[in-house]
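Colleague: Structure provided below as structure tokens; questions to follow.
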């Protein structure tokens, strides 16, 4: 598995300690840079959404039952950025947005780091929605533990899903763009020993910030550091991951059905209607003729 063969953003999966630990990691650098550009995010908002995007991709792998399973993560902590929404699919597709993309805060005086907790806030909850085996949506939620997102996701997995875990998330920006971003989720499986958990805890404690590891090396080396001495076995191939929305021009046009005939006529009289997808920032300019086609379809259906 050479670095030259890997896509810009990708997932790595593996097990360790005889299958009693499950590792899922993501290099989300290009995903987060795409989100920054699409949504015109401030530096701190980029870090907050970037962590949530990485987390949603990891959660989709851990909680998803099918190859295209989706998991939606929602965070609302009362901070300046407002709500954060991120959706990850087990096939590597990720999308998301924040309420106030321009919100920003100075770096923390205590450590010089981006104040993600400050911009997210801590007075609120993290909610995760996924589909159950019967196809019904299920939403579990927890109160925010810190607003730093990694600890909040870890708390959710432990409390709502009863999954012993460790979660690391990080975004590093320099020169006005995202240089490295990613995350790591380690899940304790049945049969794990106290000795294995103690070694894992010591490894993660010794790693420090995940962004420092990603800057010095790679996602592969980060997983190897977390699993040092635990016989990590990786899946043979990296899985491509990307920022990709499910919107389309057709869906944008269909959304105008929710307006009344008089409102659509007004849109036609004004030269059409621009629709902006809040998930990805894509602009769709709907023409008067396309709007008229909706009413023509409606009239034919009623005839």
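Residue numbers (the working numbering): 1 to 303. C-beta atoms are modelled at their ideal positions from N, C-alpha and C, and glycine is treated no differently.
Could you tell me the distance, in whole angstroms, from the CA atom of residue 51 to the CA atom of residue 25?
Modeller: Taking the first residue of the chain shown as 1, we reach residue 51 at position 51. Taking the first residue of the chain shown as 1, we reach residue 25 at position 25. Spanning the two alpha carbons is a distance of roughly 13 Å.
Colleague: Under 6 Å Cβ to Cβ from residue 3, same chain only, skipping five residues before and after it: list those, please.
Modeller: Indexing the chain shown from 1 puts residue 3 at position 3. Low confidence applies to residue 3: its pLDDT is 37, below 50, so where it sits in the model is not reliable, and the reading given next is rough at best. Once the five neighbours on either side are set aside, residue 3 has no close Cβ partner at all.
Colleague: Is the region 79-94 touching the region 230-242, taking contact as three or more C-beta pairs under 8 Å?
Modeller: Touching, yes, given that three or more Cβ pairs across the two stretches are closer than 8 Å.
Colleague: For residue 108, which residues of its own chain have a beta-carbon under 7 Å away from its beta-carbon, when the five flanking residues on both sides are left out?
Modeller: Taking the first residue of the chain shown as position 1, residue 108 is located at position 108. Excluding positions up to five away in sequence, the list reads 115.
Colleague: For residue 135, verify whether its CB is less than 6 Å away from any heavy atom of the ligand MN.
Modeller: For the structure depicted, the ligand MN is absent and the ligand set is empty, with no information on it obtainable.
Colleague: Around the C-beta of residue 132, are 16 or more other C-beta atoms found within 10 angstroms, so that it is buried, or is it exposed?
Modeller: What you label residue 132 is simply residue 132 of the chain shown in a count that begins at 1. Exposed.
Colleague: Mind reading off the beta-carbon distance from residue 81 to residue 119? Whole number of angstroms is fine, and I expect it under 8 Å.
Modeller: Translated into the one-based positions of the chain shown, residue 81 becomes position 81. Translated into the one-based positions of the chain shown, residue 119 becomes position 119. 5 Å between Cβ atoms; contact.
Colleague: For residue 29 and residue 149, what's the separation of their Cα atoms in angstroms?
Modeller: Here residue 29 refers to the residue found at position 29 when the chain shown is read from its first residue. Here residue 149 refers to the residue found at position 149 when the chain shown is read from its first residue. Answer to the nearest angstrom: the Cα atoms are 17 Å apart.
Colleague: Quick one: residues in its chain with C-beta nearer than 6 Å to the C-beta of residue 90, no 5 flanking neighbours on either side, listed in chain order?
Modeller: Residue 90 sits at position 90 when you count from the first residue of the chain shown. Correct list, in chain order: 60, 61, 64, 67 and 69.
Colleague: Based on the DSSP output, what are the partners of residue 314 in its beta bridges?
Modeller: There is no way to answer for residue 314, as the model of the chain reaches only from 1 to 303.
Colleague: Determine the direct distance from the alpha carbon of residue 185 to that of residue 152, and round the result to whole angstroms.
Modeller: Residue mapping note: residue 152 aligns to position 152 of the chain shown, counting from 1. Residue mapping note: residue 185 aligns to position 185 of the chain shown, counting from 1. Rounded to whole angstroms, residue 152 to residue 185 spans 13 Å at the Cα level.
Colleague: Is it true that the CB of residue 84 sits closer than 7 Å to the CB of residue 71?
Modeller: Here residue 71 refers to the residue found at position 71 when the chain shown is read from its first residue. Here residue 84 refers to the residue found at position 84 when the chain shown is read from its first residue. For residue 71 and residue 84, no; Cβs fall outside 7 Å.
Colleague: If you count every other CB in all the chains shown that lies within 10 Å of the CB of residue 283, and 16 or more means buried, which is it?
Modeller: Start at 1 with the first residue of the chain shown, and residue 283 comes out as number 283. Under this definition residue 283 is an exposed residue.
Colleague: So, residue 188 versus residue 164, is the Cβ gap smaller than 7 Å?
Modeller: Position 188 of the chain shown, counted from the first residue, corresponds to residue 188. Position 164 of the chain shown, counted from the first residue, corresponds to residue 164. Their beta carbons are under 7 Å apart, which means residue 188 touches residue 164 by this criterion.
Colleague: Can you check whether the CB of residue 223 is closer than 7 Å to the CB of residue 23?
Modeller: Within the chain shown, numbered from 1, the residue matching residue 23 stands at position 23. Within the chain shown, numbered from 1, the residue matching residue 223 stands at position 223. Contact: yes.
Colleague: Should residue 226 go down as buried or exposed, given a rule of 16 or more other Cβ atoms within 10 Å for buried?
Modeller: For the purposes of this step, residue 226 is taken as the residue at position 226 of the chain shown. By the neighbour-count rule (16 or more Cβ atoms within 10 Å), residue 226 is buried.
Colleague: In its own chain, which residues sit with a C-beta less than 8 Å from the C-beta of residue 210, not counting the 5 before and 5 after it?
Modeller: Numbered from its first residue, the chain shown carries residue 210 at position 210. Closer than 8 Å at Cβ, skipping near neighbours: 168, 169, 170, 182, 183, 184 and 222.
Colleague: Expressed to the nearest angstrom, what Euclidean distance is found between the alpha-carbon atoms of residue 155 and residue 201?
Modeller: The sequence position of residue 155 within the chain shown is 155, counting from 1. The sequence position of residue 201 within the chain shown is 201, counting from 1. If I take the Cα positions, the gap works out to 16 Å.
Colleague: Could you tell me which whole beta strand (DSSP E) segments of length 3 or greater appear in the region 54-87?
Modeller: Listed in chain order, the complete beta strand (DSSP E) runs (minimum 3 residues) inside the region 54-87 are 70-76.
Colleague: Exposed or buried, what is residue 296 when buried is set at 16 or more other beta-carbons lying within 10 Å of its beta-carbon?
Modeller: In the chain shown, residue 296 corresponds to position 296, counting from 1. Result: exposed.
Colleague: Which residues share a DSSP beta bridge with residue 275?
Modeller: Translated into the one-based positions of the chain shown, residue 275 becomes position 275. BP columns for residue 275 point to 284.
Colleague: For residue 179, I'd like the list of residues in its chain whose CB is within less than 8 Å of its CB, leaving aside the five on either flank, ordered along the chain.
Modeller: As a working note, residue 179 is residue 179 in the chain shown. Within the same chain, residue 179 has close Cβ partners 29, 172, 173 and 215.
Colleague: When you compare each of 38, 75, 44 and 191 to residue 55 by their alpha carbons, which one comes out closest?
Modeller: Taking the first residue of the chain shown as 1, we reach residue 55 at position 55. Out of 38, 75, 44 and 191, 75 has the C-alpha closest to the C-alpha of residue 55.
Colleague: Looking at residue 238: is its Cβ nearer than 7 Å to the Cβ of residue 21?
Modeller: Here the question's residue 238 lines up with position 238 in the chain shown. Here the question's residue 21 lines up with position 21 in the chain shown. No, they are not a contact pair.
Colleague: Have a look at 293, 144, 134 and 141 and flag the residue whose alpha-carbon is nearest the alpha-carbon of residue 261.
Modeller: Start at 1 with the first residue of the chain shown, and residue 261 comes out as number 261. The residue with the shortest Cα to Cα distance from residue 261 is 293.
Colleague: May I ask you to report which of helix, strand or coil DSSP gives residue 258?
Modeller: Numbered from 1 along the chain shown, position 258 holds the residue referred to as residue 258. Note: residue 258 maps to helix in three-state DSSP.
Colleague: Assuming contact is defined by CB atoms lying nearer than 7 Å, are residue 160 and residue 140 in contact in what I supplied?
Modeller: Taking the first residue of the chain shown as 1, we reach residue 160 at position 160. Taking the first residue of the chain shown as 1, we reach residue 140 at position 140. For residue 160 and residue 140, yes; Cβs fall inside 7 Å.
Colleague: Leaving aside the five residues before and after residue 288 along the sequence, list all residues of the same chain whose C-beta is less than 6 Å from its C-beta, in chain order.
Modeller: What you label residue 288 is simply residue 288 of the chain shown in a count that begins at 1. So the qualifying residues of the chain are 268 and 272.
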